[in-house]
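Residue numbers (this note's numbering): 4 to 433.
Structure first, commentary second.
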Ligand code: EPZ
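This is how it looks when you write it as C-alpha cells:
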C-alpha cells in the first residue's frame, strides 16, 4: 500500500521552491480549449489533478503537447463538446470548468457532476443559476450536466454565496456572450485573477477580477496565447506552517507575498517570525508558540485550504485556540487522526476547540483529503519517532514532489510502495 513513512522530530531548515498554483492551472487548462488556436501554458504543477485534466482534454478530441513536466501546448480545435462526459472527470472537482468553457465556446456542454475531496456537500446551484441567466438550458441526467444555448446573452448575475468555482465558470461562459455581463459578489482568490488574466491574454475583455464585481464584455472569439501560472498560495502556506510545526527555519521561494498575508499574520500572532521579501517568505518557528483563533473566509480572509495545517500547529501551541470553519462543513475529519497523536481537540459543528499539548506522539495515520493529508504529514514531521500516512493519493493530487521537497529541507520521509520499501527506509534511518 502506497504510504509516506516519516521519522519526525527534526526541525526543517533551508529553502523550498513553490510550484505553479493547482487551482489556477485547473481553470486555465479548461479555458485553454476555448480557442481553436494553440495555447502554451507554463509553470503548471506536475500533480495528479492536472494530469487528469490534460487527459480529459485529449479524450474530448483536443491535443496536448507535453513540452516538459510544467509546460504544455494545448489545442482545442478537435474538441467535440458532446463527448466531455468521460468518467475520469468525475474524480476531480474542476471537471466542472468544462461546462463553462464548452458552453461559452460552442453553446453545448455535457460534463459529469463534479467529484473531488469529500469536504462538504459542494452544490453547484450558483453555477447553474449563472448559466441559466446567460440563456442556457441546463439539466442533470444520470449524473451528467447538460447545458445548451443557441445564443448566449450577457446578464447581470448576483451570486448568493461567494464561490470560486462559480466565478471562474461564469467568467468563461460569458466571455463570448453578446453584451456586457456583470458578476456580483464574486470570489477574489488569487486564482480568480489568474484565470481572468489568462482569458484576457486570449483576447477576452474581463475587468474587476480580484474585486467583488467582475465586468465582462463579450468578444467574438478567443485567440492563441502563452501564459505563466502564478505560484501556489496553499503549497507556500503549507511549507510556512511546516517551519512552525517543526520549529525550523524555512525560506519559501517563488511566492507572491500578498497572497500569504493572512497566513503570515496568524503565524506571527502565534509568536513565530515571518519575513516577506520580493518573492520569498521566511518563517522561523519558535519553541513557545501561543494560541490564537482562526475563522476561515473567502480571500483575503484566512483560506479554508489552510485550516487543517494551522489547526495542526495550534495543537502544539500553549493555551486554547478556537478554529471556525465557515466554508466547508466537513473539513475537520482529520482531527480523529490528530487525536491518535495525543492532540486535544473538540469539534462541535463547524468549530474546533484546541487545547495545546507539549508534543505529538508518532502514529499510523490516514489522509482523509488533500489539505488534511498534508497537515498530517506535517504533524508526523513534528512528532518524535516513526509515523505513517496512508491514502496519500489525495496528497499527490495537489502537492508536487511533496516528499522530495521535505527531504530537501532535511526531513526524513519516504514514499513507500510496499512493506519491503518500509523496511528498507527504517533500516536506513536507523
Ligand atoms: C475551490 O473549490 C477550490 N477548488 C477548493 O480547493 C477550495 O477549498 C475552495 O474553492 C474554497 O476556496 C478548486 O479551485 C478546484 P467554492 P470550489 O465554490 O470552487 C458553496 C483544494 O484543497 N457553494 O468556492 O468547489 C460551497 O458549498 C480544494 O485545493 C454553493 O453553495 O469552492 C462552499 O460552502 C478543496 N453553491 C462555498 O460555496 C455553489 O454553486 C465555497 O465553495 C457553489 C459553492
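Even glycine gets a Cβ: it sits at the ideal position worked out from N, Cα and C.
Keep in mind the model is a prediction, meaning the values are calculated, not measured.
Presumed contact (8 Å Cβ cut-off) between residue i and residue j, rounded CB distance
| i | j | result |
| --- | --- | --- |
| residue 50 | residue 400 | 6 Å |
| residue 30 | residue 111 | At roughly 20 Å, the Cβ-Cβ gap does not stay under 8 Å, so residue 30 and residue 111 are not in contact. |
| residue 322 | residue 288 | Going by Cβ atoms, the distance from residue 322 to residue 288 rounds to 17 Å, so no, they are not a contact pair. |
| residue 254 | residue 283 | 6 Å |
| residue 84 | residue 41 | About 19 Å; that fails the 8 Å criterion. |
| residue 11 | residue 384 | 5 Å |
| residue 9 | residue 389 | 7 Å |
| residue 45 | residue 74 | 5 Å |
| residue 337 | residue 306 | Not confirmed; about 16 Å, so no contact. |
| residue 398 | residue 380 | 7 Å |
| residue 13 | residue 345 | Not quite, the Cβ-Cβ distance comes to about 19 Å (not below 8 Å), so this is no contact. |
| residue 216 | residue 185 | 7 Å |
| residue 292 | residue 316 | 7 Å |
| residue 156 | residue 181 | 5 Å |
| residue 368 | residue 392 | 5 Å |
| residue 130 | residue 168 | 6 Å |
| residue 207 | residue 178 | 4 Å |
| residue 2 | residue 238 | The structure shown does not extend to residue 2, since the chain spans only 4 to 433, so no value can be given for it. |
Bridge partners - residue i, DSSP secondary structure assignment
| i | result |
| --- | --- |
| residue 159 | 185 |
| residue 230 | 44 |
| residue 419 | 6 |
| residue 169 | Residue 169 is not bridged to any residue. |
| residue 216 | 187 |
| residue 115 | 147 |
| residue 393 | 6 and 369 |
| residue 355 | 326 and 350 |
| residue 276 | 287 |
| residue 433 | In DSSP, residue 433 forms no bridge with anything. |
| residue 11 | 388 |
| residue 23 | 234 |
Unbroken alpha helix (DSSP H) run spanning residue i, endpoints
| i | result |
| --- | --- |
| residue 197 | 193 to 204 |
| residue 267 | 264 to 272 |
| residue 16 | That residue, residue 16, is in no alpha helix (DSSP H); its beta strand (DSSP E) goes 16 to 20. |
| residue 364 | Looking at the DSSP string, residue 364 is not in any alpha helix (DSSP H), and its letter there is neither H nor E. |
| residue 373 | 373 to 385 |
| residue 140 | Not the alpha helix (DSSP H): residue 140 falls in the beta strand (DSSP E), residues 140 to 144. |
| residue 248 | 236 to 249 |
| residue 413 | Looking at the DSSP string, residue 413 is not in any alpha helix (DSSP H), and its letter there is neither H nor E. |
| residue 135 | 128 to 136 |
Where the beta strand (DSSP E) containing residue i begins and where it ends
| i | result |
| --- | --- |
| residue 255 | 252 to 256 |
| residue 151 | 147 to 151 |
| residue 209 | 208 to 210 |
Short CB-CB distance (under 8 Å) between residue i and chain D
| i | result |
| --- | --- |
| residue 28 | Note that chain D does not occur in the displayed structure, where there is just one protein chain. |
Closer than 7 Å: residue i CB and nearest ligand 3 heavy atom
| i | result |
| --- | --- |
| residue 130 | Of the ligands this structure carries, namely ligand 1, none is ligand 3. |
| request: Report yes or no: do the region 197 to 213 and the region 274 to 283 share at least 3 C-beta pairs separated by less than 8 Å? | output: no
| message | Three Cβ pairs or more, each shorter than 8 Å: is that satisfied between the region 352 to 361 and the region 317 to 334? | response | yes
| message | So within the region 31 to 106, which uninterrupted alpha helix (DSSP H) runs reach at least 4 residues, ignoring any that extend past its ends? | response | 51 to 62
| field | Continuous beta strand (DSSP E) assignments of at least 3 residues falling wholly in the region 278 to 346 | value | 283 to 287 and 323 to 327
| task | Tell me, please, whether the region 227 to 244 touches the region 261 to 269 by the rule of three or more beta-carbon pairs shorter than 8 Å. | result | yes
| task | Please confirm if the region 418 to 429 is in contact with the region 366 to 377, defined as three or more CB-CB distances below 8 Å between the two stretches. | result | no
| Contact the region 57 to 75 vs the region 192 to 201: 3+ CB pairs below 8 Å | no
| query | With contact counted as at least three CB pairs below 8 Å, one residue from each stretch, are the region 21 to 36 and the region 217 to 235 in contact? | reply | yes
| the region 63 to 78 contacting the region 145 to 152, beta-carbon criterion three pairs below 8 Å | no
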